[in-house]
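Take a look at the structure set out below.
In this note's numbering, the protein residues as written are 11 to 293.
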């Protein structure tokens, strides 16, 4: 029989071993090819320092009709598993800018660099309880990927979906979302939902344009002129998926330090992201 002190040490040792095992089970950090036409995103000096929270970005194969995967588009030159396709839009600059904002605006211990997640990498996705993805009119999940994503979300994971515009992109997006959750409705999130009040009160939301749109003198593309804030709930009323439809929150992070991008859009986009993160960690 164990004595009380011996048992306590044994339990602590087991817990420590489990923690180490979980850390080593995670995929190592690596940098993929960005879809963006920049090559000047340097690694932060503390990129390899572990932290409690990590911005995880969902990788995905591209739809055959994706905006950025046609033969003449950026993505036509790359295998999606190596980056350079639609999932790598805003990556990695937006990820790191938002991680820096989380450090400044919350008490979370946030890693300075992102973690791209491939649903085909066994159980790795379960190591990362918060996921973000962009350019959602371009994804095309396999049934195996959709099943793993569904299981991840029903087990408590959270997924933020961003930067898709208008009827055609919504329909392409829905092809995969309906495979992930064929029996769950996508609804507009009510202003009173805790996700809009987790840290900041965000009753007064507005469309967040991409930098690309502002350069054209507008705030949207196609027929995506009205912003929607949609979601999918689990059986207990917890938001599993948020959708910033007809907005580009990712650009509001990516260009938050640019004088060419209006501060009011970054201010809202960062607050939206902070609320999503804190909600996901408390619900």
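Even glycine gets a Cβ: it sits at the ideal position worked out from N, Cα and C.
None of these values were measured; they are calculated from a predicted model.
Exposure of residue i, with buried meaning 16 or more beta-carbon neighbours within 10 Å
i, result
"residue 53", "exposed"
"residue 246", "exposed"
"residue 172", "buried"
"residue 285", "buried"
"residue 12", "Any answer about residue 12 is weak, because its pLDDT of 36 lies below 50 and its placement is not dependable; what the coordinates show is given next. Under this definition residue 12 is an exposed residue."
"residue 117", "exposed"
"residue 292", "exposed"
"residue 294", "The chain is shown only over 11 to 293; residue 294 falls outside these bounds and no answer can be derived."
"residue 268", "exposed"
"residue 201", "exposed"
"residue 258", "buried"
"residue 256", "buried"
"residue 82", "The predicted model places residue 82 with a pLDDT of 39, which falls under 50 and marks its position as unreliable, so this point remains unresolved."
"residue 275", "buried"
"residue 208", "buried"
"residue 32", "Confidence in residue 32 is poor, its pLDDT being 47 and thus under 50, which makes the residue's placement unreliable; the coordinate value appears in the next sentence. Residue 32 should be labelled exposed."
"residue 273", "exposed"
Contact check, residue i vs residue j, beta carbons under 8 Å
i, j, result
"residue 97", "residue 143", "yes"
"residue 61", "residue 125", "no"
"residue 252", "residue 241", "yes"
"residue 99", "residue 145", "yes"
"residue 77", "residue 147", "yes"
"residue 283", "residue 263", "yes"
"residue 205", "residue 289", "yes"
"residue 129", "residue 106", "no"
"residue 112", "residue 287", "yes"
"residue 63", "residue 137", "no"
"residue 9", "residue 215", "The shown model of the chain, from 11 to 293, leaves out residue 9, and the question about it has no answer."
"residue 141", "residue 94", "no"
Given residue i as reference, the closest of the options once Cα atoms are compared
i, options, result
"residue 68", "117, 88 and 131", "131"
"residue 70", "156, 102 and 120", "156"
"residue 231", "209, 177 and 272", "177"
"residue 59", "39, 90, 139 and 127", "39"
"residue 195", "237, 262 and 249", "249"
"residue 114", "292, 291 and 281", "281"
"residue 109", "237, 102, 184 and 122", "122"
"residue 89", "117, 64, 112 and 43", "43"
"residue 221", "37, 101, 266 and 133", "266"
"residue 244", "183, 140, 166 and 170", "166"
"residue 219", "201, 185 and 279", "279"
"residue 182", "91, 57, 160 and 73", "73"
"residue 104", "213, 169, 51 and 56", "51"
"residue 75", "185, 270, 211 and 273", "185"
"residue 57", "41, 212 and 45", "41"
"residue 168", "139, 160 and 161", "139"
"residue 134", "270, 36 and 237", "36"
"residue 237", "213, 224 and 254", "254"
"residue 49", "102, 223, 208 and 212", "102"
"residue 211", "277, 170 and 55", "277"
"residue 223", "55, 213, 271 and 203", "271"
Those residues which DSSP pairs with residue i across a bridge
i, result
"residue 156", "Paired residue(s): none; residue 156 is not in a bridge."
"residue 3", "Limits of the chain in this structure are 11 at one end and 293 at the other, which puts residue 3 out of reach."
"residue 144", "172"
"residue 249", "243"
"residue 68", "127"
"residue 355", "Residue 355 cannot be examined here, being either before or after the span of the chain that is shown, 11 to 293."
"residue 63", "120"
"residue 198", "240"
"residue 43", "93"
"residue 265", "Residue 265 pairs with nothing; no bridge assigned."
"residue 149", "72"
C-beta neighbour in chain B for residue i, strict 8 Å
i, result
"residue 98", "Protein chains in the displayed structure number just one, and chain B is not present."
Self-check item: At least 3 beta-carbon pairs within less than 8 Å: the segment 144 to 164 vs the segment 179 to 192
Solution: A contact exists between the segment 144 to 164 and the segment 179 to 192.
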